[in-house]
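J.:
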Amino acid sequence: MTQPMIGHRGQETKALLKSIKPKLQGIFGTKEDVLIITGSGTAGLETAVVNTVNPGDEVLVLVTGAFGDRFVKICDAYDIKVHRLEATWGEAACPEEVKTYLLANKKIKVVFTTYCETSTGVLNPVSQLANVVHENSDALVVVDGVSCVGGVETKMDEWGIDVLVTGSQKAFMLPAGLTFVAASEKAWKVMEENKQSRFYLNLIKYRDRLADDSTPFTPALSLLFGLEQVLNLFEEEGLENVFARHTLMMNMTRAAMKALDIPLLTSDESASPTVTAVKPSDFDPEMLRKVLKKEFGLSIAGGQQHLKGQIFRIGHMGYCSPADVLQIIGILEIGIVKVGKMINLGEGVKAAQEIYLQQEALV
Ligand SMILES: *Cc1c(COP(=O)(O)O)cnc(C)c1O
52 MTQPMIGHRG QETKALLKSI KPKLQGIFGT KEDVLIITGS GTAGLETAVV
102 NTVNPGDEVL VLVTGAFGDR FVKICDAYDI KVHRLEATWG EAACPEEVKT
152 YLLANKKIKV VFTTYCETST GVLNPVSQLA NVVHENSDAL VVVDGVSCVG
202 GVETKMDEWG IDVLVTGSQK AFMLPAGLTF VAASEKAWKV MEENKQSRFY
252 LNLIKYRDRL ADDSTPFTPA LSLLFGLEQV LNLFEEEGLE NVFARHTLMM
302 NMTRAAMKAL DIPLLTSDES ASPTVTAVKP SDFDPEMLRK VLKKEFGLSI
352 AGGQQHLKGQ IFRIGHMGYC SPADVLQIIG ILEIGIVKVG KMINLGEGVK
402 AAQEIYLQQE ALV
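The opening residue of the sequence shown carries number 52 in my numbering; numbering runs sequentially from there.
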């Protein structure tokens with residue numbers, strides 16, 4: 052990423068985009084183009100909104116946490132009528148409820164959902180959700196996959212996802228600054244007829260230029276250099292192994308918390324392989340975060356919105372391995388003792404080690 056700049060309209064950049072293109076498609080699970088836009092993940096979410104929704108249209112947003120809520124806020128910024136179907140934070144969106152809602156509200160044109168709800172550590176059942184949407188309406192299914200695509204299996208075409216968005220700084224292991232958006236044939240038809248005004252985020256421009264291995268505006272070249280290497284890393288490890296590693300890190304983290312008798316926010320069934328939210332009942336998560344940061348330089352996230360002060364979150368995605376998980380749990384145990392909870396040191400680490408060994412035995 053520290054390579055000198057190259058001409059962004061020259062042959063070298065064309066060759067770079069040409070090599071990136073098919074690799075991104077593999078990660079999205081799509082034969083459609085994956086467009087690269089310079090902007091953070093939210094630019095990708097806004098791209099999905101302004102390209103698929105006409106002014107005055109009705110949409111349904113499945114809110115399972117702060118990022119579902121972000122779709123609502125983006126839609127509110129445009130002239131869009133938003134229906135909000137909210138789950139208890141920490142739980143997944145329920146396909147049956149979506150079905151009932153769609154049958155009672157026939158004008159809904161787009162359903163927005165979040166694959167991994169980063170604020171709660173829930174992995175929503177997007178394949179089932181897309182299925183009920185398509186069976187019960189003509190609506191498009193738009194999925195925010197920012198905090199998990201690249202870390203969990205994603206089959207955009209097979210699952211019937213119409214627009215899928217992700218970003219560079221989560222499971223893609225890069226600094227922030229790129230967002231990736233792909234759309235189904237059905238979504239392209241809607242986008243071509245869409246009357247919403249848009250300029251920088253007009254996805255059609257990106258599609259037309261990518262056909263020529265180019266971008267409509269100056270690309271963030273340094274990030275593209277990094278992206279090519281990230282895609283090479285995925286290829287070297289093998290996507291199946293990347294996903295298995297994330298599942299293993301999730302299982303190790305969850306087993307450790309259970310062994311230490313610290314409640315998890317999500318059920319095993321709806322837990323995301325990329326981030327684990329923990330809801331301690333007998334110590335203050337904010338104090339724990341402070342101790343870890345001060346004594347070990349270790350940053351773990353807190354809660355967002357109404358979960359602020361109630362949970363802490365451990366990210367285990369991207370450039371992260373079972374070795375990191377073991378280290379972090381060891382550190383966490385010290386922090387937990389320091390904030391006043393009685394535990395037997397090593398029990399969390401031991402539980403995680405056991406999960407690791409069990410999984411090794413399977414290979
Ligand atoms: C991080 C994240 C985003 C994007 O946030 P930016 O700060 O704009 O990159 C969107 N959705 C989810 C689920 C996220 O975790």
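The beta carbon of each residue, even a glycine, is placed where N, CA and C say it ideally should be.
Please work out which residues of its chain come closer than 7 Å, Cβ to Cβ, to Ala-234, disregarding the five sequence neighbours upstream and downstream, and give them in chain order.
T.: So the qualifying residues of the chain are Glu-83, Asp-213, Val-214, Met-242, Leu-254.
J.: Taking 7 Å as the line, does the beta carbon of Gly-80 fall inside it for any heavy atom of ligand 1?
T.: No, ligand 1 has no heavy atom inside 7 Å of this Cβ.
J.: Whether or not the segment 148–160 and the segment 103–111 are in contact is what I'm after, with contact meaning three or more pairs of Cβ atoms, one per stretch, closer than 8 Å; do they touch?
T.: Yes: the two stretches touch, three or more of their Cβ pairs being nearer than 8 Å.
J.: I want to know whether the segment 403–413 touches the segment 300–314 - three or more CB-CB distances under 8 Å.
T.: The segment 403–413 is in contact with the segment 300–314.
J.: Would you say the beta carbon of Gly-15 comes nearer than 7 Å to a heavy atom of ligand 1?
T.: As shown, the chain starts at 52 and ends at 414. That puts residue 15 outside it, with no answer to give.
J.: If you pair each beta-carbon of the segment 339–347 with each one of the segment 256–275, do three or more pairs fall below 8 Å?
T.: These segments do not touch.
J.: Could you have a look at His-297 and say whether DSSP puts it in helix, strand or coil?
T.: Correct three-state label for His-297: helix.
J.: Mapping DSSP to helix, strand and coil, what is Arg-364?
T.: Strand.
J.: Entirely within the segment 158–190 and at least 4 residues each: give me those alpha helix (DSSP H) ranges in chain order.
T.: With a minimum length of 4 residues, the continuous alpha helix (DSSP H) runs that stay inside the segment 158–190 are 177–187.
J.: Is Asp-195 near ligand 1, judged by its Cβ being under 7 Å from some heavy atom?
T.: Checking the Cβ of Asp-195 against ligand 1 gives yes.
J.: For the segment 88–95 against the segment 223–231, do three or more pairs of beta-carbon atoms, one drawn from each stretch, fall closer than 8 Å, so that the two count as touching?
T.: Output reads yes: the segment 223–231 touches the segment 88–95.
J.: In the segment 107–143, which residue ranges form an unbroken beta strand (DSSP E) of at least 3 residues, counting only runs that do not cross its ends?
T.: Those beta strand (DSSP E) runs which fall completely within the segment 107–143 and span 3+ residues are 109–114, 132–137.
J.: From what residue to what residue does the alpha helix (DSSP H) around Thr-230 run?
T.: Run containing Thr-230: none in the alpha helix (DSSP H); it sits in the beta strand (DSSP E), 229–234.
J.: Reducing DSSP to helix, strand and coil, say where Asp-195 ends up.
T.: In this structure, Asp-195 counts as strand in the three-state DSSP scheme.
J.: Give me whichever residues DSSP pairs with Gly-353 in a beta bridge.
T.: DSSP lists Phe-363 as partners of Gly-353.
J.: When every heavy atom of ligand 1 is checked, does at least one fall within less than 7 Å of the C-beta of Gln-220?
T.: Gln-220: yes, Cβ under 7 Å from ligand 1.
J.: If you follow the alpha helix (DSSP H) that Ala-374 is part of, which residue opens it and which one closes it?
T.: Per DSSP, Ala-374 belongs to the alpha helix (DSSP H) from 373–389.
J.: Can you name, in chain order, every residue of its own chain whose Cβ lies under 8 Å from the Cβ of Lys-359, other than the five neighbours on each side?
T.: Cβ neighbours of Lys-359 beyond the five flanking positions: Gly-353.
J.: Report the start-end ranges of each alpha helix (DSSP H) in the segment 58–91 that is 4 residues or longer and not cut off at the edges.
T.: Entirely contained in the segment 58–91, the alpha helix (DSSP H) runs reaching 4 residues are, in chain order, 62–79.
J.: Rounded to whole angstroms, what is the Cα-Cα separation between Cys-290 and Ile-78?
T.: The residue you asked about is not Cys; residue 290 is Leu in the sequence shown. Approximately 8 Å, taken between the alpha carbons.
J.: Less than 8 Å between CB atoms is the rule here; does Cys-167 satisfy it with respect to chain D?
T.: Looking for chain D here will not work: only one protein chain is present.
J.: Helix, strand or coil: which one does DSSP assign to Val-100?
T.: Here Val-100 sits in helix by DSSP.
J.: Put Thr-217 into one of helix, strand or coil per three-state DSSP.
T.: The answer is strand: DSSP assigns Thr-217 an E or B state.
J.: At 4 residues or longer, what runs of the alpha helix (DSSP H) sit wholly inside the segment 265–316?
T.: Those alpha helix (DSSP H) runs which fall completely within the segment 265–316 and span 4+ residues are 272–288, 290–310.
J.: Tell me, please, which residues DSSP counts as bridged to Thr-53.
T.: Its beta-bridge partners do not exist; DSSP assigns none.
J.: Within the same chain, show all residues whose beta-carbon is closer than 7 Å to that of Leu-96, passing over the 5 residues directly before and after it, in chain order.
T.: Excluding positions up to five away in sequence, the list reads Arg-121, Phe-122, Ile-125, Asp-195, Val-216.
J.: In the DSSP output, what is Val-200 paired with across the bridge?
T.: In DSSP, Val-200 forms a bridge with Val-203.
J.: Just how far apart, CA to CA, sit Leu-278 and Gly-80?
T.: So the two alpha carbons sit approximately 18 Å from each other.
J.: Going by CA-CA distance only, name the one from Phe-363, Leu-174, Leu-153 that's closest to Val-183.
T.: Minimum Cα distance to Val-183 is reached at Leu-153.
J.: Measuring CA to CA, which of Asn-156, His-134, Leu-113 is closest to Pro-146?
T.: If we check each option's Cα against that of Pro-146, Leu-113 comes out closest.
J.: Rounded to whole angstroms, what is the Cα-Cα separation between Ala-310 and Val-326?
T.: Approximately 18 Å between the Cα atoms of the pair.
J.: Could you please give me the residues that DSSP links to Val-326 through a beta bridge?
T.: Partner(s): Gly-366.
J.: Can you tell me which of Val-376, His-297, Gly-391 puts its alpha carbon nearest to the alpha carbon of Pro-336?
T.: Taking only the C-alpha atoms, the option nearest Pro-336 is Gly-391.
J.: How is Ala-262 classed by DSSP in three states: helix, strand or coil?
T.: In the structure shown, Ala-262 sits in coil (DSSP, three-state: anything other than H, G, I, E or B).
J.: Any heavy atom of ligand 1 closer than 7 Å to the beta-carbon of Glu-174?
T.: Just to set this straight, residue 174 is Leu in the shown sequence, not Glu. No, the Cβ of Leu-174 stays beyond 7 Å of every heavy atom of ligand 1.
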